[in-house]
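K.L.:
I'd like to ask you about the structure that follows.
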Amino acid sequence: MGWFRRGRAVERAGTDEPVGPEERADPASSAGAPAEDAEGSGDGLIGPWDSEEVRSRGLRMDLGSLWVPKRAGMQIRMELDRKTRRVVGVNLAYEGSALQIQPFAAPRTAGLWETLRAELQTQVDKQGGSVDERPGPFGTELLARLPVRLPDGRSGHRPARFIGVDGPRWFLRGVLTGKAAIDPSAAVTMETLFGDVVVVRGTDPRPPRDLLPLHLPGQRTTADEVPPASIELPARGPETTETR
Numbered sequence: 001m002g003w004f005r006r007g008r009a010v011e012r013a014g015t016d017e018p019v020g021p022e023e024r025a026d027p028a029s030s031a032g033a034p035a036e037d038a039e040g041s042g043d044g045l046i047g048p049w050d051s052e053e054v055r056s057r058g059l060r061m062d063l064g065s066l067w068v069p070k071r072a073g074m075q076i077r078m079e080l081d082r083k084t085r086r087v088v089g090v091n092l093a094y095e096g097s098a099l100q101i102q103p104f105a106a107p108r109t110a111g112l113w114e115t116l117r118a119e120l121q122t123q124v125d126k127q128g129g130s131v132d133e134r135p136g137p138f139g140t141e142l143l144a145r146l147p148v149r150l151p152d153g154r155s156g157h158r159p160a161r162f163i164g165v166d167g168p169r170w171f172l173r174g175v176l177t178g179k180a181a182i183d184p185s186a187a188v189t190m191e192t193l194f195g196d197v198v199v200v201r202g203t204d205p206r207p208p209r210d211l212l213p214l215h216l217p218g219q220r221t222t223a224d225e226v227p228p229a230s231i232e233l234p235a236r237g238p239e240t241t242e243t244r
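First residue of the sequence shown: 1, per UniProt numbering; consecutive thereafter.
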């Protein structure tokens with residue numbers, strides 16, 4: 001499945017504010033403090049975590065296959081398939097930065113990130129952008145300059161950091177845009193959020209790259225309601241563009 005498939009229309013729930021009261025950040029949580037049980041295995045490692053590695057959900061929001069940490073001042077937006085109204089992604093926004101998170105099924109014996117990096121590089125190159133592979137806090141990541149058309153008609157590029165983590169039968173994709181894509185100090189908070197996410201894979205058999213079920217806080221999604229797999233470019237949020 002292509003990263004840049006354009007056939008699906010995606011919209012966001014809660015563009016101007018968190019989706020609902022259950023998603024509001026706990027004032028007791030600071031922007032840089034880990035959520036309860038964020039230490040996972042207790043070995044001083046960073047996440048994201050598998051649900052088998054944490055003692056409890058703690059203060060994280062239950063969004064189905066993802067338990068997502070809360071932070072004071074953070075906005076949570078659920079990305080919806082416009083046709084089916086199903087949740088297809090989670091977008092966290094904080095002080096000019098955005099982090100899109102999507103969980104996918106993965107093979108039992110092999111990860112997806114190495115293959116997906118190569119696919120992404122090829123597709124960005126074809127569209128006139130560029131990609132640099134580099135080490136990051138979660139392993140190898142990609143810094144992409146995605147081509148965009150600016151309001152005045154000029155061409156520009158939108159920086160985006162693509163992060164991938166292979167877990168036990170799951171793959172978690174994160175995309176950082178806005179300040180966090182280019183400013184290391186702004187990226188710290190968003191990286192902390194990503195590292196505190198817990199993936200709840202479940203036991204159902206799923207083809208690799210199938211989107212794992214997500215739901216709004218307080219709702220539930222059955223296996224039949226999960227939209228088709230789609231590992232694609234995130235919807236536009238806070239961003240920084242470069243003109244030429």
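The beta carbon of each residue, even a glycine, is placed where N, CA and C say it ideally should be.
Give the list of continuous alpha helix (DSSP H) stretches no shorter than 4 residues that lie fully inside the region 41-67.
P.N.:
none
K.L.:
Quick check on the DSSP output: the beta strand (DSSP E) that includes V131 runs from which residue to which?
P.N.:
V131: member of the beta strand (DSSP E) spanning S130 to G136, first to last residue.
K.L.:
To the nearest angstrom, how far is the alpha carbon of L212 from that of W170?
P.N.:
9 Å
K.L.:
What is the residue span of the alpha helix (DSSP H) that Q123 lies within?
P.N.:
Start and end: W113 to K126.
K.L.:
Using the Cβ count rule (16 or more neighbours within 10 Å means buried), how would you classify T189?
P.N.:
So T189 counts as buried.
K.L.:
To the nearest angstrom, how far is the alpha carbon of R206 from that of A105?
P.N.:
6 Å
K.L.:
Quick check on the burial criterion: 16 or more other C-beta atoms within 10 angstroms. Buried or exposed for A110?
P.N.:
exposed
K.L.:
Would you kindly work out how many angstroms separate the C-alpha atoms of R149 and R158, rounded to a whole number?
P.N.:
Straight-line measurement puts the Cα of R158 at about 10 Å from the Cα of R149.
K.L.:
Please confirm whether any heavy atom of the ligand COA lies closer than 7 Å to the CB of S130.
P.N.:
What this structure holds is no ligand at all, so the ligand COA is not there to describe.
K.L.:
Give me the DSSP bridge partner(s) of L193.
P.N.:
DSSP output for L193 lists no bridge partner at all.
K.L.:
Just the C-alpha distance for W113 and V165, rounded to the nearest angstrom, thanks.
P.N.:
A direct Cα-to-Cα measurement between W113 and V165 gives close to 7 Å.
K.L.:
Is it buried or exposed for A118, if we count other Cβ within 10 angstroms and need 16 for buried?
P.N.:
Burial call: exposed.
K.L.:
Just the Cα atoms here: how many angstroms apart are G89 and E133?
P.N.:
24 Å
K.L.:
Along the chain, where does the beta strand (DSSP E) that runs through D166 open and close?
P.N.:
Segment S155 to G167, the beta strand (DSSP E) holding D166.
K.L.:
Decide if the region 70-83 is in contact with the region 139-147; the criterion is three or more beta carbon pairs, one per stretch, under 8 Å apart.
P.N.:
no
K.L.:
How many angstroms separate the CA atom of N91 from the CA atom of Q100?
P.N.:
Taking the Cα positions, N91 is about 4 Å away from Q100.
K.L.:
Measuring alpha carbon to alpha carbon, tell me which residue in V87, I46 and D81 is nearest L66.
P.N.:
V87
K.L.:
Which first and last residues belong to the beta strand (DSSP E) in which residue 247 is found?
P.N.:
Residue 247 falls outside the range modelled here, since the chain spans only 1 to 244, and no answer is possible.
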